[in-house]
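Q: In this note's numbering, the protein residues as written are 8 to 277.
In this text, a Cβ means the ideal position worked out from N, Cα and C, and glycines have one as well.
Structure, rendered in structure tokens:
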């Protein structure tokens, strides 16, 4: 299940010390064990109650045209550091009043009540406030990946990310639903910059099914190959597609099933 760490360290780290520490522990974009070894460092950074406002003020004092220019995320996130192995970001979680004209859009933007998985390893710590999360797990490798597909969602727990608590979300394994906090909350994440080679889903909690595909790792090569096979194939190609439906890669499984269905309606095999 998703891991929780309750470190009682009172040590503090500044941002530069923190980056140096975790950079020495994380050896590659696939080093989940190294990432887990950073949980104490993450707690020590969270113990530093001034580092983020100092960082934010420093950013605001520079050219605002360059403010978070390399940040590919929404305004919810602040990118603190990035290299070829991992990145560190801060997320803020506001209270959204129901009479806000943009309530629905903001709820969607902050992913409140959104039941979803992540296709990347994520280690997070509570920095300010707290929010409640419901957690399930599922078997990604046995999921095809089409909208409406039934998925066995095994409920794990309802927990709270409060100040100092560290949690690890397993990629393409843990499903979570985050509720709106009762006060402004802030969390700090370390994320391995690993290839996003698996689909990411939005799930329907009540129906236990896939409601939406949030990310589809369509590569130009694979995507074009499947398009080509759709119009140029023979019986051996069909047999190969059938074997590909058992692939560990969710994209290959889904596209193979879709293509078999499409081709089955056309008997004009070469």
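#1: Distance, Cα to Cα, residue 131 vs residue 265?
#2: May I have the straight-line CA-CA distance separating residue 140 from residue 177, to the nearest angstrom?
#3: Let me make sure I understand the geometry here. Which of 103, 104, 83 has the alpha-carbon closest to that of residue 97?
#4: Ends of the alpha helix (DSSP H) at residue 111?
#5: Find the nearest neighbour of residue 121 within the set 170, 251, 210, judged by alpha-carbon distance.
#6: Check for me: the alpha helix (DSSP H) holding residue 28 runs from which residue to which?
#7: Return the first residue and the last residue of the beta strand (DSSP E) that residue 211 is part of.
#8: Thinking C-alpha only, which one of 114, 233, 197 is nearest residue 32?
#9: Can you tell me the Cα-Cα spacing of residue 92 and residue 200, whole angstroms?
#10: Quick check: the segment 19-33 against the segment 45-52, are at least 3 beta-carbon pairs closer than 8 Å?
#11: Please state whether DSSP places residue 58 in a helix, a strand or coil.
#12: Among the residues of its own chain, which have a CB less than 8 Å from the CB of residue 107, if the five just before and after it don't count?
#13: Indicate the three-state DSSP secondary structure (helix, strand or coil) for residue 11 in the structure shown.
#14: Do residue 136 and residue 172 have their C-beta atoms within less than 8 Å of each other?
#15: Assuming residue 29 contacts residue 48 under a Cβ cut-off of 8 Å, what Cβ separation, rounded to an integer in Å, is found between them?
#16: Have a look at the DSSP bridge pairing and note the partners of residue 198.
#17: Hey, out of 99, 59, 110, whose CA is closest to residue 87's CA?
#18: Just the Cα atoms here: how many angstroms apart are residue 162 and residue 143?
#19: Shortest alpha-carbon distance to residue 147 belongs to which of 254, 249, 102?
#20: Would residue 101 pass as a contact of residue 168 if the rule is Cβ separation under 8 Å?
#21: Between the Cα of residue 207 and the Cα atoms of 243, 36, 258, 214, which residue gives the shortest distance?
#22: If you draw a straight line from the alpha carbon of residue 184 to that of residue 262, how long is it in whole angstroms?
#23: With a 10 Å radius around its C-beta and 16 neighbouring C-beta atoms as the bar for buried, classify residue 158 as buried or exposed.
#24: Kindly identify the DSSP beta-bridge partner or partners of residue 123.
A: According to the structure data:
#1: The residue labelled residue 131 in the question sits at position 124 within the chain shown. The residue labelled residue 265 in the question sits at position 258 within the chain shown. Cα-Cα distance, rounded: 37 Å.
#2: Sequence index remark: in the chain shown, residue 140 carries index 133 (1-based). Sequence index remark: in the chain shown, residue 177 carries index 170 (1-based). Those two C-alpha atoms are separated by around 15 Å.
#3: For the purposes of this step, residue 97 is taken as residue 90 along the chain shown, with counting starting at 1. Selected option, being the one with the closest Cα: 83.
#4: Taking the chain shown and counting its residues from 1, one reaches residue 111 at position 104. From DSSP, the alpha helix (DSSP H) with residue 111 extends over 110-116.
#5: Within the chain shown, residue 121 is the residue found at index 114, counting from 1. It is 210 whose Cα lies nearest to the Cα of residue 121.
#6: Numbered from its first residue, the chain shown carries residue 28 at position 21. Note, residue 28: alpha helix (DSSP H), 22-32.
#7: As a first step, residue 211 is located in the chain shown; it is residue number 204 there, counting from the start. First-last of the beta strand (DSSP E) with residue 211: 207-211.
#8: Taking the first residue of the chain shown as 1, we reach residue 32 at position 25. For the residues 114, 233, 197, the minimum Cα distance to residue 32 belongs to 197.
#9: As a first step, residue 92 is located in the chain shown; it is residue number 85 there, counting from the start. As a first step, residue 200 is located in the chain shown; it is residue number 193 there, counting from the start. Answer to the nearest angstrom: the Cα atoms are 5 Å apart.
#10: yes
#11: For the purposes of this step, residue 58 is taken as residue 51 along the chain shown, with counting starting at 1. Of the three classes helix, strand and coil, the one that applies to residue 58 here is helix, per DSSP.
#12: Position 100 of the chain shown, counted from the first residue, corresponds to residue 107. Around residue 107: 113.
#13: Reading the chain shown from its first residue, position 4 is the one you call residue 11. Residue state, collapsed to three classes: strand.
#14: The residue labelled residue 136 in the question sits at position 129 within the chain shown. The residue labelled residue 172 in the question sits at position 165 within the chain shown. No, these two residues do not count as a Cβ contact at 8 Å.
#15: For the purposes of this step, residue 29 is identified with residue 22 of the chain shown, where counting begins at 1. For the purposes of this step, residue 48 is identified with residue 41 of the chain shown, where counting begins at 1. So it is a contact: roughly 6 Å between Cβ atoms.
#16: What you label residue 198 is simply residue 191 of the chain shown in a count that begins at 1. Looking at the DSSP assignment, residue 198 forms a beta bridge with 94, 129.
#17: Stepping through the chain shown from its first residue, residue 87 is reached at position 80. That would be 59, whose Cα lies nearest to the Cα of residue 87.
#18: The residue given as residue 162 occupies position 155 in the chain shown. The residue given as residue 143 occupies position 136 in the chain shown. For residue 162 and residue 143, the distance between alpha carbons rounds to 4 Å.
#19: Residue 147 sits at position 140 when you count from the first residue of the chain shown. Measuring from the Cα of residue 147, the nearest candidate turns out to be 254.
#20: Position 94 of the chain shown, counting from 1, holds the residue named residue 101. Position 161 of the chain shown, counting from 1, holds the residue named residue 168. Against a cut-off of 8 Å, the Cβ pair of residue 168 and residue 101 comes out as no contact.
#21: Working through the chain shown from its first residue, we reach residue 207 at position 200. Looking at the Cα atoms, 258 is the closest of the given residues.
#22: Within the chain shown, the letter at position 177 stands for residue 184. Within the chain shown, the letter at position 255 stands for residue 262. Distance between the alpha carbons of residue 184 and residue 262 is about 28 Å.
#23: Taking the chain shown and counting its residues from 1, the one referred to as residue 158 is at position 151. Answer is buried; the Cβ neighbour count reaches 16.
#24: For the purposes of this step, residue 123 is identified with residue 116 of the chain shown, where counting begins at 1. Bridge partners of residue 123: 183, 209.
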